[in-house]
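Here the structure is laid out as structure tokens; the discussion comes afterwards.
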Amino acid sequence: MIRPSFLVFASASAVGSQFVQALQTQRDLSLAAVGGDLRAELAFWALRQAGGREDFAETASGEEAGLFWQGFFPLGEEWTPWSEQETPPRVILFLEPPVTAMRAWHHALLAASLENKVSFREALVAEEPRRDGREWPRRNPYPPSLQYRQRARFATLIGQAREAVGSERVKVLLSEDWEKDPAAVGREVLAFLGKSPDHELAIPPLPPQRNLRGTHHFDQAVSRLAGRLPGGRVLKSVFGKTWQDRYQALSERIFAPMSDWRIDSMVEDELLEEFQPEVRALGELLGRDLSHWNEPRFPRSEHHHEH
Numbered sequence: 179m180i181r182p183s184f185l186v187f188a189s190a191s192a193v194g195s196q197f198v199q200a201l202q203t204q205r206d207l208s209l210a211a212v213g214g215d216l217r218a219e220l221a222f223w224a225l226r227q228a229g230g231r232e233d234f235a236e237t238a239s240g241e242e243a244g245l246f247w248q249g250f251f252p253l254g255e256e257w258t259p260w261s262e263q264e265t266p267p268r269v270i271l272f273l274e275p276p277v278t279a280m281r282a283w284h285h286a287l288l289a290a291s292l293e294n295k296v297s298f299r300e301a302l303v304a305e306e307p308r309r310d311g312r313e314w315p316r317r318n319p320y321p322p323s324l325q326y327r328q329r330a331r332f333a334t335l336i337g338q339a340r341e342a343v344g345s346e347r348v349k350v351l352l353s354e355d356w357e358k359d360p361a362a363v364g365r366e367v368l369a370f371l372g373k374s375p376d377h378e379l380a381i382p383p384l385p386p387q388r389n390l391r392g393t394h395h396f397d398q399a400v401s402r403l404a405g406r407l408p409g410g411r412v413l414k415s416v417f418g419k420t421w422q423d424r425y426q427a428l429s430e431r432i433f434a435p436m437s438d439w440r441i442d443s444m445v446e447d448e449l450l451e452e453f454q455p456e457v458r459a460l461g462e463l464l465g466r467d468l469s470h471w472n473e474p475r476f477p478r479s480e481h482h483h484e485h
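If you read the sequence shown in this note's numbering, its first letter stands for residue 179, the second for the next number, and so on.
Next comes the structure, spelled out in structure tokens:
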């Protein structure tokens, strides 16, 4: 099993991705999502929950190695203490408003074909049957990743992290502080990891929030099938990028996006009201006024949009 010296929890949003990419550019830090893709990372946590001991990645010698996870670290009684390690890892929690984090996570799971509920509202409704073992996506190996509300209860997550590794080994960051002054937050993070004050994070550009085409899951299924068929790679190369670009342009004209980062205003309003106590508890825990997290952040819709 990987024994990282630090763990990073961050949203799958553009800001969260920028923060993780900044850590990945640091020369003497090694930060990997267990081989670099969401599916491998989900499989890692599924094995960890089951007590597995397989290694999914090797850490480079001479580097401080870290592990990036997004929204599926075991919660509640499922949290695995790190008492088996001589020194528990440090934990960095990079937090955004709960509704933003939930919507970004739904988009990320759709992108990786780990969620079959295209509608965000339907994915939220499915949380309860999924806790009972029903309506799981066939390709998702770790059902707790589908509990959107649970993964956005940040006050609980902070408490669990502190209990598992010790309060002094947990660092909580807010996305708004990073957006305001990423260099200052970067220095704070490196100091927390024990790096020299001379070190600074290289801040990459904010990554674009790309829409998912309406045919995204179909395209991925075809790609997987072609990869398994004899001559599949040759077939892909024959069609080439030009044909792929034409197909993508045509599909975008014909089909509505699978996910375009929007959210139905009624769903957003319901979640904002539901999470007010959670936001208040988090603010009290951190000594911060987070009341602005209870305000709408997505473009207003006419309630006909599914996401």
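We treat Cβ as the ideally placed atom computed from N, Cα and C, and that holds for glycine.
- the stretch 348 to 362 touching the stretch 185 to 200, judged by at least three CB pairs closer than 8 Å: Because the criterion of three Cβ pairs below 8 Å is met, the stretch 348 to 362 and the stretch 185 to 200 touch.
- Could you give the uninterrupted runs of the beta strand (DSSP E) lying entirely in the stretch 334 to 396, keeping only those of 3 residues or more? Segments of the beta strand (DSSP E) lying fully in the stretch 334 to 396: 348 to 352.
- Item | Extent of the continuous alpha helix (DSSP H) run through Phe197 | Counted from its first residue, the sequence shown places residue 197 at position 19. Taken as a continuous stretch (DSSP letters only), the alpha helix (DSSP H) holding Phe197 covers 192 to 202.
- Message: To the nearest angstrom, how far is the alpha carbon of Asp447 from that of Trp471?
- Response: Within the sequence shown, numbered from 1, the residue matching residue 447 stands at position 269. Within the sequence shown, numbered from 1, the residue matching residue 471 stands at position 293. Their Cα atoms are separated by approximately 12 Å.
- Buried versus exposed, by CB contacts within 10 Å (16 or more), Arg205: Within the sequence shown, residue 205 is the residue found at index 27, counting from 1. Exposed: under 16 other Cβ atoms inside 10 Å.
- Any idea which residues DSSP pairs Ser437 with across the strands? Residue mapping note: residue 437 aligns to position 259 of the sequence shown, counting from 1. As a beta-bridge residue in DSSP terms, Ser437 pairs with Leu390.
- Using the C-alpha atoms, what's the distance from Trp439 back to His285? In the sequence shown, the residue the question calls residue 285 occupies position 107. In the sequence shown, the residue the question calls residue 439 occupies position 261. Spanning the two alpha carbons is a distance of roughly 7 Å.
- Item | Cβ neighbours of Leu324 in the same chain (closer than 8 Å, five flanking residues each side left out) | Mapped onto the sequence shown, residue 324 falls at position 146. Excluding residues within five positions, the ones whose Cβ falls inside 8 Å are Leu287, Glu293, Ala301, Ala304, Glu305, Arg308, Trp314, Pro315, Asn318.
- Could you tell me the boundaries of the alpha helix (DSSP H) in which Ser543 lies? Lying before the first or after the last residue shown, residue 543 is absent from the chain, which here runs from 179 to 485.
- Query: Hey, quick one: how far does the alpha helix (DSSP H) through Thr278 stretch, first residue to last?
  - Reply: Within the sequence shown, residue 278 is the residue found at index 100, counting from 1. Per DSSP, Thr278 belongs to the alpha helix (DSSP H) from 276 to 289.
- Task: Starting from Ala301, trace the alpha helix (DSSP H) both ways and give me its first and last residue.
- Result: Taking the sequence shown and counting its residues from 1, the one referred to as residue 301 is at position 123. In the DSSP assignment, Ala301 falls within the alpha helix (DSSP H) that extends over 298 to 303.
- Message: Please classify Asp442 as buried or exposed, where buried requires at least 16 neighbouring CB atoms within 10 angstroms.
- Response: Within the sequence shown, residue 442 is the residue found at index 264, counting from 1. When all chains shown are included, Asp442 counts as buried.
- Using alpha carbons as the reference points, say which of Ser183, Ala289, Ala188 lies closest to Ser208. The count along the sequence shown starts at 1 and reaches residue 208 at position 30. Relative to Ser208, the option among Ser183, Ala289, Ala188 whose CA is nearest is Ser183.
- Message: For Phe250 and Pro322, what's the separation of their Cα atoms in angstroms?
- Response: In the sequence shown, counting from the first residue as 1, residue 250 sits at position 72. In the sequence shown, counting from the first residue as 1, residue 322 sits at position 144. Unreliable positioning characterises Phe250 in this predicted model, as indicated by a pLDDT of 48, which lies under 50. A coordinate reading is not provided.
- Item | Span separating the alpha-carbon of Glu378 from that of Ser345 | One-based indexing of the sequence shown puts residue 378 at position 200. One-based indexing of the sequence shown puts residue 345 at position 167. Spanning the two alpha carbons is a distance of roughly 25 Å.
- Among residues of its own chain, excluding the 5 on either side of Ala380, which ones have a beta-carbon nearer than 7 Å to its beta-carbon? In the sequence shown, counting from the first residue as 1, residue 380 sits at position 202. Sequence-distant Cβ neighbours of Ala380 in its own chain, meaning closer than 7 Å and more than five residues away, are Ala200, Thr203.
- Query: Is it true that the CB of Thr265 sits closer than 8 Å to the CB of Ser189?
  - Reply: Locating residue 189 in the sequence shown gives position 11, where the first residue counts as 1. Locating residue 265 in the sequence shown gives position 87, where the first residue counts as 1. The Cβ atoms of Ser189 and Thr265 do not sit closer than 8 Å to each other.
- In whole angstroms, what separates the C-alpha of Arg340 from that of Val348? Locating residue 340 in the sequence shown gives position 162, counting from the first residue. Locating residue 348 in the sequence shown gives position 170, counting from the first residue. Spanning the two alpha carbons is a distance of roughly 6 Å.
- Task: Tell me whether the beta-carbon of Phe298 lies closer than 8 Å to the beta-carbon of Val445.
- Result: Working through the sequence shown from its first residue, we reach residue 298 at position 120. Working through the sequence shown from its first residue, we reach residue 445 at position 267. For Phe298 and Val445, yes; Cβs fall inside 8 Å.
- Give me the Cα-Cα distance between Pro386 and Gly337, rounded to the nearest whole angstrom. By 1-based counting over the sequence shown, the position of residue 386 is 208. By 1-based counting over the sequence shown, the position of residue 337 is 159. Cα to Cα, Pro386 sits roughly 33 Å from Gly337.
- Query: alpha helix (DSSP H) containing Arg475: first to last residue?
  - Reply: For this step, residue 475 is matched to residue 297 along the sequence shown. That residue, Arg475, is in no alpha helix (DSSP H); it is neither H nor E in DSSP.
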